[in-house]
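K.L.:
Okay, here's the structure, questions in a sec.
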Amino acid sequence: IDELLQDGVEGKRIFVRADLNVPLDGTTITDDGRIRAVAPTIAKLAGAGAKVIVASHLGRPKGAPDPRFSLAPAAARLGEILGKNVSFATDTVGDSAKATVAATANGEVTLLENLRFNAGETSKDDAERGAFADELAALADLYVGDGFGAVHRKHASVFDLPARLPHAAGDLIATEVAVLKKLTEDVARPYVVVLGGAKVSDKLGVIDNLLEKADRILIGGGMSYTFLKAKGHEVGISLLQEDQVPVCLDYLARAEKRGVEFVLPVDVLVSADFPDLKTKAPANPELVASDAIPADQEGLDIGPKTRELYASKLADAGTVFWNGPMGVFEHPDYAGGTKAVAQGLLDSSAFTVVGGGDSAAAVRILGFDENAFGHISTGGGASLEYLEGKTLPGLAALED
Ligand code: 3PG
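Be aware that the sequence shown starts at 4, since it is given in the UniProt record's numbering, and climbs by one per residue.
Next comes the structure, spelled out in structure tokens:
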């Protein structure tokens with residue numbers, strides 16, 4: 004955006020596509036990391052006298068207004084962070100948006116309501132997306148893409164809108180790309196990747212690619228049970244993506260062939276019941292070896308031997324990329340594994356990148372100093388797809 008600023012933006016309406024998709028408990032934001040990450044770009048543009056029109060998605064509403072996914076709490080929080088009033092439009096391209104944008108003075112900031120309240124935003128139909136992008140384009144003179152967390156989505160505000168307006172990449176996207184690019188080029192070795200979380204199929208693509216680059220891959224969290232199953236272990240009622248078992252088997256074989264250390268949990272905390280995340284009532288889990296999960300129990304965190312093992316695998320790392328929690332960290336009885344990995348990153352002298360909404364939020368929610376990590380990415384799927392080497396629509400649109 005510095006080139007944009009050199010040209011002068013005073014009085015220009017700048018559409019900033021941010022990713023303010025923050026976790027909410029009702030209307031309370033439980034982690035504001037994504038808002039804080041994009042705030043400097045907004046402040047910079049407003050400071051240069053632009054009329055800043057911020058837009059984002061939140062959650063996955065079904066193309067129509069849904070109060071559970073309103074961005075109103077984000078407007079309030081953004082205002083607090085910027086130290087100035089942020090006007091909020093109660094729709095995205097309707098009367099409220101038009102009036103609020105028209106009333107935005109130089110140096111002022113307006114946030115539009117959730118982009119996904121419009122079916123055109125996420126439509127697979129080019130014409131429908133294009134029509135929505137036309138309406139958005141009418142609200143602005145320039146476009147700044149800074150929603151790194153959404154650049155892997157071919158959505159109207161991410162992909163189609165920049166084609167309709169002079170555009171630039173924001174500072175957050177520039178930083179994210181610079182850091183992740185480093186991981187695809189020369190990395191200090193050993194390069195250790197820690198993957199967790201629940202979505203096995205989402206993460207298999209990145210494993211495919213990392214088998215060529217990483218020295219060690221440590222698996223934990225919900226995705227580990229599909230790998231344990233692939234190794235022939237019974238996993239009880241743990242999260243399992245049965246259809247992915249053959250793919251996991253193939254990865255285990257390829258890792259062995261390539262000399263990549265592929266490490267799975269050796270012990271797990273199990274329970275017959277998923278913990279109550281609201282009351283956080285004691286869950287009293289049992290500790291079992293990872294090849295002895297009882298038929299009626301599910302694995303909910305890595306056990307102490309695994310924590311120690313993973314810490315030892317992180318200790319001499321040169322570079323670490325971590326995506327996905329090791330267990331149900333939102334409950335204190337199952338937060339130990341995720342805490343141990345976060346601590347392992349801090350204890351090593353490696354360059355550490357934490358990617359993914361959940362792991363980034365976990366680091367902050369568990370009380371770690373986020374500045375102690377090399378980089379905390381605001382992108383979950385986006386950072387994984389970048390490391391997979393895929394073309395990301397929101398980046399391609401800005402490079403154009
Ligand atoms: C994320 O949380 O990873 C981004 O905000 C993208 O959200 P989505 O997966 O709903 O597109």
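All residues carry an ideal CB built from backbone N, CA and C; glycine is no exception.
Keep in mind the model is a prediction, meaning the values are calculated, not measured.
#1: Does the contact criterion of 3 or more C-beta pairs under 8 Å hold for the stretch 189-200 versus the stretch 307-326?
#2: DSSP has Arg219 in a bridge; who is on the other side?
#3: At the level of alpha carbons, what is the spacing between Arg257 and Leu214?
#4: Under a criterion of Cβ closer than 6 Å to any non-hydrogen atom of ligand 1, which residues qualify, in chain order?
#5: Find the nearest neighbour of Gly11 within the set Leu85, Ala320, Leu81, Ala51, judged by alpha-carbon distance.
#6: On the CB-based measure, 16 or more other CB atoms within 10 Å of its CB, does Ala141 come out buried or exposed?
#7: Below 8 Å on the Cβ atoms is my contact criterion, and I expect Ile38 with Arg80 to pass it. Report the Cβ-Cβ distance as a whole number of Å.
#8: If we count the other Cβ atoms within 10 Å of its Cβ and call it buried at 16 or more, is Phe277 buried or exposed?
#9: The beta strand (DSSP E) spanning Ser99 covers which residue range?
#10: Beta strand (DSSP E) containing Leu114: first to last residue?
#11: Could you check the C-alpha separation between Pro396 and Asp22 for me, to the nearest Å?
#12: Tell me the DSSP secondary structure of Asp304 in three-state form.
#13: Could you check how far apart the C-beta atoms of Thr103 and Lys54 are, in whole angstroms? I think they sit under 8 Å.
#14: Where do the N-terminal and C-terminal ends of the beta strand (DSSP E) with Lys54 fall, by residue?
#15: Would you mind reading off the limits of the beta strand (DSSP E) that contains Asp10?
#16: Taking the beta carbon of Glu373 as the centre, do at least 16 other beta carbons fall within 10 Å, making it buried, or is it exposed?
#17: Taking the Cβ atom as the reference point for each residue, do Ala400 and Gly321 lie within a distance shorter than 7 Å?
#18: Would you call Gln300 buried or exposed, if buried means 16 or more other Cβ atoms sit within 10 Å of its Cβ?
#19: Let me confirm a value: Ala49 is counted as buried when at least 16 other C-beta atoms fall within 10 Å, else exposed. Which label applies?
#20: Three or more C-beta pairs under 8 Å: does that hold for the stretch 306-313 against the stretch 169-183?
#21: Would a C-beta distance cut-off of 7 Å place Gly239 and Ala298 closer than the cut-off?
#22: Would Leu139 and Leu164 be called neighbours here (beta carbons separated by less than 7 Å)?
#23: Per DSSP, Ser351 is paired with what?
#24: Three or more C-beta pairs under 8 Å: does that hold for the stretch 145-162 against the stretch 377-389?
#25: For the stretch 250-264 against the stretch 217-231, do three or more pairs of beta-carbon atoms, one drawn from each stretch, fall closer than 8 Å, so that the two count as touching?
#26: If you count every other CB in all the chains shown that lies within 10 Å of the CB of Lys342, and 16 or more means buried, which is it?
#27: What do you get for Arg125, buried or exposed, if any count of 16 or more other CB atoms within 10 angstroms of its CB means buried?
#28: Where DSSP assigns a beta bridge to Asn326, which residues make up the other side?
#29: At 4 residues or longer, what runs of the alpha helix (DSSP H) sit wholly inside the stretch 114-151?
#30: Using only the alpha-carbon positions, how far apart do Gly66 and Leu398 sit?
#31: When DSSP labels each residue in this structure, what does Ala363 get in the three-state scheme?
#32: Taking only the alpha-carbon atoms, compute the straight-line gap between Gly302 and Gly133 and give it to the nearest angstrom.
#33: Excluding the 5 residues preceding and the 5 following Tyr228 in the sequence, name in chain order all residues of the same chain whose CB lies nearer than 7 Å to its CB.
#34: Does Gln247 pass the burial test, meaning 16 or more other C-beta atoms within 10 Å, or should it be called exposed?
#35: Can you tell me where the beta strand (DSSP E) holding Ile17 begins and where it ends?
P.N.:
Based on what the coordinates show:
#1: The stretch 189-200, when compared against the stretch 307-326, does touch it at the 8 Å Cβ threshold.
#2: Answer is Val195, Glu264.
#3: Going from the Cα of Arg257 to the Cα of Leu214 covers about 8 Å.
#4: My final list is Asp22, Asn24, Arg63, Gly152, Ala153, Arg156, Gly360, Gly383, Gly384.
#5: Comparing Cα-Cα distances from Gly11 to each of Leu85, Ala320, Leu81, Ala51, the minimum goes to Ala51.
#6: That one is exposed.
#7: About 5 Å; that satisfies the 8 Å criterion.
#8: Exposed, because fewer than 16 other Cβ atoms sit within 10 Å of the Cβ of Phe277.
#9: Element bounds for Ser99: not the beta strand (DSSP E) but the alpha helix (DSSP H), 98-105.
#10: Its beta strand (DSSP E) spans residues 112-114.
#11: Rounded to the nearest angstrom, the two C-alpha atoms are 15 Å apart.
#12: When secondary structure is reduced to three states using DSSP, Asp304 falls in the strand class.
#13: Thr103 to Lys54, Cβ: 10 Å. No contact.
#14: First-last of the beta strand (DSSP E) with Lys54: 54-58.
#15: Note, Asp10: premise wrong, no beta strand (DSSP E); alpha helix (DSSP H) at 5-10.
#16: Glu373 should be labelled exposed.
#17: One thing to note: Ala400 has its Cβ no nearer than 7 Å to the Cβ of Gly321.
#18: Classification of Gln300: buried, given that the 10 Å Cβ count is 16 or more.
#19: Ala49 should be labelled buried.
#20: No contact exists between the stretch 306-313 and the stretch 169-183.
#21: In this structure, Gly239 lies near Ala298, with their beta-carbon atoms less than 7 Å apart.
#22: Contact flag set, yes.
#23: DSSP output for Ser351 lists no bridge partner at all.
#24: With a cut-off of 8 Å, the stretch 377-389 and the stretch 145-162 count as touching, because enough Cβ pairs lie within range.
#25: By the Cβ rule, the stretch 250-264 counts as touching the stretch 217-231, because three or more pairs are nearer than 8 Å.
#26: When all chains shown are included, Lys342 counts as buried.
#27: The question names Arg, but residue 125 in the sequence shown is Thr. Buried, by the Cβ-count rule.
#28: Its beta-bridge partners are Leu198, Gly358.
#29: The qualifying runs are 122-125, 129-140.
#30: Going from the Cα of Gly66 to the Cα of Leu398 covers about 24 Å.
#31: Helix.
#32: Rounded to whole angstroms, Gly302 to Gly133 spans 45 Å at the Cα level.
#33: For Tyr228, where only same-chain residues beyond five positions count, the Cβ hits under 7 Å are Val238, Ser241, Leu242, Leu243, Gly302.
#34: Buried.
#35: Where Ile17 is concerned, the enclosing beta strand (DSSP E) stretches over 16-20.
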